[in-house]
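Single-structure report; data block below.
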Amino acid sequence: MTDPDGPDVARLAALDAGLLDAHDAAAVRAAAAADPAVQTVLDALAATRAELAAQPTERMPADVVAGIRAALDRVDGGRSRPDPGNAHGDPDTRRSRPDPAGAHRNADPGRSRRGPGHTNGVSARSHGRTREPGGGSDGPAGIPGPPTMAPRGPEPRGAGQGGDAGPHAGRSRPGRRVPGRRAVLAAAAALSAVIGAGALLAHAPGVGSHSPVLALRTGELAAAGASAIGAADLGDLADPARRAGCLREIAVPAPEGTVLGGRRVLLDGRPGVLLVLPTGILGTFRLIVVDPDCGPDGGILLTDELVPR
1 MTDPDGPDVA RLAALDAGLL DAHDAAAVRA AAAADPAVQT VLDALAATRA ELAAQPTERM
61 PADVVAGIRA ALDRVDGGRS RPDPGNAHGD PDTRRSRPDP AGAHRNADPG RSRRGPGHTN
121 GVSARSHGRT REPGGGSDGP AGIPGPPTMA PRGPEPRGAG QGGDAGPHAG RSRPGRRVPG
181 RRAVLAAAAA LSAVIGAGAL LAHAPGVGSH SPVLALRTGE LAAAGASAIG AADLGDLADP
241 ARRAGCLREI AVPAPEGTVL GGRRVLLDGR PGVLLVLPTG ILGTFRLIVV DPDCGPDGGI
301 LLTDELVPR
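Quick note on numbering: the sequence shown equals residues 1 to 309 in UniProt numbering.
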């Protein structure tokens, strides 16, 4: 596509992205001015960037958002649910979710001297648990602040192995939950990409009906140009041959080049067609307004501006 002695496609992309210094950028633009094929590549890059920038932000449908949240909740739900196979509760879970009422009771140093409660308190300390099920007594007494866990004694061999009755039955290791969450997030990202691709197709230039004629003043041209990127409401200038003849008559460089968008306007009360043209300079567009009858036989240039985005 480019001359062996001229800039390659990667260099053209670097120019379009603004990655070249001033000296190299000037050299590439000079080569583009002398080679229509190079200018075509630059115009295509500018058109693609402009069309993408003009796309509206698409919000994910509410039912899709709700489904993704529900899936994430299911993946994370095991971290906060009590262990169904552990009759005394998971000490790690209890430590991460302390019971305020239990902490208040533990602050009473007299609880350990109240008859049977003292025996049960010792039992709870020796097993690293805050409460015996069905015992009606509280956890270890005389320990201020959040409950702390004493070292657990040795458990019988085989506890929690090969059955559901062990203290760790029903628990799944955290390492096995993370891939599930990542899979859900990946699915959500893929769905968002599909939705965005559909929006891009729906708003591509040339798709849809004509827009209403836009009334504006000369000072409002920059804002109108941004809204015209990707639009194709060109009237008779939608014909490439007629448009090229019009641009040639009003002395626009590369009259057969890419048009980034356009729409019919009333500029200060005068009917015209706004055209958005690339410049080869990153983020800068050329906005021209011509009369609706502009063509190979002549035309009127109503305004011509360079507008940075």
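Just so you know, even glycine gets a beta-carbon here, dropped at the ideal spot from N, CA and C.
From a predicted model like this one, the values you see are computed outputs, not experimental measurements.
Checklist entry - Any idea which residues DSSP pairs P36 with across the strands? => result P36 is not bridged to any residue.
Next on the checklist: One question on the structure: do R264 and G235 come within less than 7 Å of each other, judged by their Cβ atoms?
Outcome noted: yes
Checklist entry - DSSP beta-bridge partners for D21? => result DSSP lists no partner for D21.
Item to check | Opening and closing residue of the alpha helix (DSSP H) in which P240 lies | outcome: Per DSSP, P240 belongs to the alpha helix (DSSP H) from P240 to E249.
Checklist entry - Taking just the CA atoms, how far does P296 sit from R11? => result 35 Å
Next on the checklist: Quick check on the burial criterion: 16 or more other C-beta atoms within 10 angstroms. Buried or exposed for P56?
Outcome noted: exposed
Next on the checklist: Comparing C-alpha positions only, which one of R29, P278, D291 and T284 sits nearest to L266?
Outcome noted: Taking only the C-alpha atoms, the option nearest L266 is D291.
Next on the checklist: Suppose the cutoff is 6 Å on Cβ atoms and the five residues either side in sequence are ignored; what does the same chain contact list for V289 look like?
Outcome noted: If we look at V289 and ignore the five residues flanking it on each side, its Cβ neighbours are L267, G272, L274, L302 and T303.
Item to check | Identified DSSP bridge partners for P308 | outcome: T284
Next on the checklist: Quick check on DSSP: helix, strand or coil for V65?
Outcome noted: Three-state DSSP puts V65 in a helix.
Item to check | Limits of the alpha helix (DSSP H) - the one that R11 falls within | outcome: From DSSP, the alpha helix (DSSP H) with R11 extends over V9 to D16.
Checklist entry - How big is the Cα-Cα spacing for C246 and D233? => result 16 Å
Item to check | Beta-carbon proximity of P278 to D43, cut-off 7 Å | outcome: yes
Next on the checklist: Short of 7 Å in beta carbon distance, which residues of its chain neighbour P308, apart from the five on each side in sequence? Order them along the chain.
Outcome noted: Only G283 and T284 meet the Cβ criterion.
Checklist entry - Considering only C-alpha positions, which residue in the set L72, E256, A238 and I281 is nearest to D21? => result I281
Checklist entry - Smallest Cα separation from A212: which of G219, T218, A222 and S227? => result Residue identity check: residue 212 is Pro in the sequence provided, not Ala. For P212, the nearest C-alpha among the options comes from S227.
Checklist entry - Rounded C-beta distance between A50 and L260? I'm assuming under 8 Å. => result 4 Å
Checklist entry - Three-state secondary structure (DSSP) at V252? => result coil
Item to check | CB contact flag (D8, L45, <7 Å) | outcome: no
Checklist entry - Anyone know if the C-beta pair for G225 and L287 falls short of 7 Å? => result Yes; because the gap between Cβ atoms is below 7 Å, this pair is in contact.
Item to check | Sequence-distant residues of the same chain with beta carbon closer than 7 Å to A25, five excluded per side | outcome: Hits under 7 Å: L15.
Next on the checklist: Please report the distance separating the alpha-carbon of A254 from that of M60.
Outcome noted: 41 Å
Item to check | A32 beta carbon less than 7 Å from that of V38 | outcome: yes
Item to check | According to DSSP, residues forming a beta bridge with R263 | outcome: Checking the DSSP bridge columns, you'll see R263 partnered with L274.
Checklist entry - Can you round the beta-carbon distance between E256 and A238 to whole angstroms, since I take them to be within the 8 Å contact cut? => result Between A238 and E256 the Cβ distance is about 15 Å, and since that is not below 8 Å, they are no contact.
Next on the checklist: For L301, list the residues DSSP reports as bridge partners.
Outcome noted: V290
Next on the checklist: Quick test of your reading: G262 and V276, contact by CB under 8 Å. State the CB separation rounded to the nearest angstrom.
Outcome noted: Yes, they are in contact, since the Cβ atoms of G262 and V276 sit about 6 Å apart, within 8 Å.
Checklist entry - Which residue from V41, E305, T258 and A251 puts its Cα closest to that of C294? => result A251
Item to check | Cα-Cα separation between L306 and R270, rounded to whole angstroms | outcome: The straight-line gap from Cα to Cα measures roughly 21 Å.
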